[in-house]
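Protein chains in written order, with my numbering: chain A, 1231 to 1437; chain B, 1231 to 1437.
To start, the structure itself, in structure tokens.
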DNA sequence: GTCGGCATACCGACCGGTCGGTGTCCAAAG
DNA sequence: CTTTGGACACCGACCGGTCGGTATGCCGAC
């Protein structure tokens, strides 16, 4: 140690002095997104984070754990955001549009997490996979609730099952990572609004 | 060999006597879809196909080659289908609806190939990945041409970029594998028609 | 004989995970 | 103030196992 300090363990003192677990998660996310979970060795992760394997296995039970934590963080954040938007007092169409646009924006802001989500889910251990799926389903159900609300009130068409529409939409969202490039001409919010429009207009009762 | 025969090499003489390369491709597809490319060992594939590693490396240059052949087959078939539908003399809306519905049906009929496509693309060697992307882009461009045709004629809204709409739609299609179950209550064609409707209605000029 | 079409045995690389050890800090004892 | 003990955070060499790929041999067809 060249730098002596009185920092408490777990406390960040600078850019590359961030808490070790955070650094591990951060670099693991980048590497998993770029090369895939299986193609990324634990050795690579710890080297990128500037620590050793001992450190990693001190904080995480396994390589799987690392992946799971990445998922859990994303899911928590997206669920929190949806809940906040969906339960506001705004009119239904606005709430749905905001929820749709927001999930697109947050997916673009965290493209790496998004990429990992669709590429590596099946590489988790079965029980952790179950946990992720359950959380994911809760999220989808909340979103579907908004669609069903509009169908019940007559604002939306009823000739398309709500779950089909929801899966249709989230397919698009999950695939953002495969084509969206930051160098493109559209901002994340613009894409989000386009997607929200497409969803809302697809839900208009047929003329 | 317990069974002697006078069949020519490469000639099918029965169900499990199909040509060796075909059997390898078939079982590799199933295993890749179920366990992922990296988690499937060459040993497992050849055992499932009832041959040995020697046979596999006789017909394929590498494990990567196997994956690439699976992609190439799917791409060829989908491109052929799109071309046939898109260039028929039918009205534009019908051609686009048919193209959309067809790609959904074929994606569901070959759910395994579809699953592999979105999970394992990045595990191909860079040059093969480039080849796949190029072919894929040609397909998307042909599809986008239909959308642009409708925008030019005034049938479709022009306030959404055609490429955004196309990516929106194909995101949904690619993700069918993550939720569609054959045990569900909707047939592949029903889903296809729903998806086509959603696309066409999202493209209606805003009222 | 020789050539395609495989089978079998084997290699070297690599990988996830373990484990005994080490430095640092703090708190209580003396 | 000094000593001591031990919890915490981390290090890094090492191991058992697996995997993609290869070298070589056999065998029937021509």
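Yeah, the Cβ is synthetic: ideal placement off N, Cα and C, and Gly gets one too.
Original post:
DSSP on residue 1281 (chain B), reduced to helix/strand/coil?
Top reply: Counted from its first residue, the second chain places residue 1281 (chain B) at position 51. Reduced to three states, the DSSP call for residue 1281 (chain B) is coil.
Subject >> Limits of the alpha helix (DSSP H) - the one that residue 1495 (chain A) falls within >> reply: Past the boundaries of the shown model lies residue 1495 (chain A); chain A is included only from 1231 to 1437, so the question cannot be answered.
Original post:
Which residues, taken in chain order from the region 1362-1379 of chain B, show a beta carbon closer than 7 Å to some beta carbon of chain A?
Top reply: Under the 7 Å Cβ criterion, the region 1362-1379 of chain B contributes no residue.
Original post:
So is residue 1259 (chain B) buried or exposed if we call it buried at 16+ other beta carbons inside 10 Å?
Top reply: Numbered from its first residue, the second chain carries residue 1259 (chain B) at position 29. With at least 16 other beta carbons inside 10 angstroms of its own, residue 1259 (chain B) counts as buried.
**OP:** Verify whether the separation of the beta carbon atoms of residue 1375 (chain A) and residue 1401 (chain B) is less than 7 Å.
**Re:** Position 145 of the first chain, counted from the start, is the residue given in the question as residue 1375 (chain A). Position 171 of the second chain, counted from the start, is the residue given in the question as residue 1401 (chain B). No.
**OP:** Can you check the region 1304-1354 of chain A for any alpha helix (DSSP H) of at least 4 residues that lies completely inside it and give the ranges in chain order?
**Re:** Positions of the alpha helix (DSSP H) runs, each at least 4 residues long and wholly inside the region 1304-1354 of chain A, are given as 1322-1339 and 1341-1350 in order along the chain.
Subject >> residue 1259 (chain A) (DSSP reduced to helix, strand or coil) >> reply: The count along the first chain starts at 1 and reaches residue 1259 (chain A) at position 29. Three-state result, residue 1259 (chain A): helix.
Subject >> residue 1383 (chain B) in three-state terms, based on DSSP >> reply: For the purposes of this step, residue 1383 (chain B) is identified with residue 153 of the second chain, where counting begins at 1. In the three-state reduction of the DSSP assignment, residue 1383 (chain B) falls in the helix class.
Original post:
Using DSSP with H/G/I as helix, E/B as strand and the rest coil, what is residue 1408 (chain A)?
Top reply: Along the first chain, read from residue 1 onward, the residue named residue 1408 (chain A) stands at position 178. Looking at residue 1408 (chain A) - three-state DSSP - the assignment turns out to be helix.
Subject >> Classification of residue 1233 (chain B) by the beta-carbon crowding that lies within 10 angstroms, buried from 16 upward >> reply: Locating residue 1233 (chain B) in the second chain gives position 3, where the first residue counts as 1. Below a pLDDT of 50, predicted positions are generally treated as unreliable, and residue 1233 (chain B), at 33, falls in that range; no measurement from the model is reported.
Original post:
What is the DSSP secondary structure of residue 1433 (chain B), counted as helix, strand or coil?
Top reply: As a first step, residue 1433 (chain B) must be located in the second chain, where it is residue number 203. DSSP, reduced to helix, strand and coil, places residue 1433 (chain B) outside both helices and strands of the structure shown, so it counts as coil.
Original post:
Can you list the residues of chain A that residue 1269 (chain B) reaches, using a CB-CB cut of under 8 Å?
Top reply: The residue given as residue 1269 (chain B) occupies position 39 in the second chain. 1268 and 1353, listed in chain order.
**OP:** Give a yes or no on whether the minimum CB-CB distance between residue 1398 (chain B) and chain A is below 7 Å.
**Re:** Residue 1398 (chain B) sits at position 168 when you count from the first residue of the second chain. Answer yes: the Cβ-Cβ gap between residue 1398 (chain B) and chain A drops below 7 Å somewhere.
**OP:** Give the secondary structure of residue 1392 (chain A) by DSSP, where H, G and I count as helix, E and B as strand, and everything else as coil.
**Re:** Here the question's residue 1392 (chain A) lines up with position 162 in the first chain. In the structure shown, residue 1392 (chain A) sits in a helix (DSSP, three-state: H, G or I).
Original post:
In chain B, which residues lie less than 9 Å from residue 1402 (chain A) when you measure between Cβ atoms?
Top reply: For the purposes of this step, residue 1402 (chain A) is identified with residue 172 of the first chain, where counting begins at 1. Taking a Cβ-Cβ cut-off of 9 Å, the neighbours of residue 1402 (chain A) in chain B comprise 1397, 1398, 1399, 1400, 1401, 1402 and 1405, given in sequence order.
Original post:
Listing by chain order, which chain B residues have their CB less than 8 Å from the CB of residue 1421 (chain A)?
Top reply: Against the first chain, residue 1421 (chain A) aligns to sequence position 191. Close partners of residue 1421 (chain A) in chain B (Cβ separation under 8 Å): 1394.
**OP:** Measure the C-alpha to C-alpha separation of residue 1343 (chain B) and residue 1251 (chain A) and round it to an integer number of angstroms.
**Re:** Your numbering for residue 1343 (chain B) matches position 113 in the second chain. Your numbering for residue 1251 (chain A) matches position 21 in the first chain. In this model, residue 1343 (chain B) and residue 1251 (chain A) are separated by some 37 Å (Cα to Cα).
Original post:
Going along the chain, which residues of its own chain have a beta-carbon closer than 6 Å to the beta-carbon of residue 1399 (chain B), five neighbours each way excluded?
Top reply: Along the second chain, read from residue 1 onward, the residue named residue 1399 (chain B) stands at position 169. Taken in chain order, the residues that qualify are 1429.
Original post:
Does the beta-carbon of residue 1392 (chain A) have 16 or more other beta-carbons within 10 angstroms, so that it is buried, or is it exposed?
Top reply: In the first chain, counting from the first residue as 1, residue 1392 (chain A) sits at position 162. Around the beta carbon of residue 1392 (chain A), a 10 Å sphere encloses 16 or more other beta carbons of the protein chains shown; the residue is thus reported as buried.
Original post:
Could one say the Cβ of residue 1339 (chain A) lies closer than 7 Å to chain B's Cβ atoms, at least one of them?
Top reply: Residue numbering aside, residue 1339 (chain A) sits at position 109 when the first chain is read from its first letter. Cβ-Cβ to chain B under 7 Å: no for residue 1339 (chain A).
**OP:** Note down the Cα distance separating residue 1381 (chain A) from residue 1424 (chain B), rounded to an integer number of angstroms.
**Re:** The residue you call residue 1381 (chain A) lines up with position 151 of the first chain. The residue you call residue 1424 (chain B) lines up with position 194 of the second chain. About 16 Å.
Original post:
Hey, how far is the Cα of residue 1441 (chain B) from the Cα of residue 1308 (chain B)?
Top reply: Chain B is shown only over 1231 to 1437; residue 1441 (chain B) falls outside these bounds and no answer can be derived.
Original post:
Nearest CA to the CA of residue 1404 (chain B): which residue from B:1275, B:1322 and B:1351?
Top reply: Residue numbering aside, residue 1404 (chain B) sits at position 174 when the second chain is read from its first letter. Taking only the C-alpha atoms, the option nearest residue 1404 (chain B) is B:1351.
Original post:
Are residue 1437 (chain B) and residue 1331 (chain B) touching if we call contact CB-CB under 7 Å?
Top reply: Here residue 1437 (chain B) is taken as the residue at index 207 of the second chain, counted from 1. Here residue 1331 (chain B) is taken as the residue at index 101 of the second chain, counted from 1. Their beta carbons are not under 7 Å apart, which means residue 1437 (chain B) does not touch residue 1331 (chain B) by this criterion.
Original post:
Nearest to residue 1303 (chain B) by CA position, among B:1327, B:1388, B:1255 and B:1418, is which residue?
Top reply: If you number the second chain from 1, residue 1303 (chain B) lands on position 73. It is B:1255.
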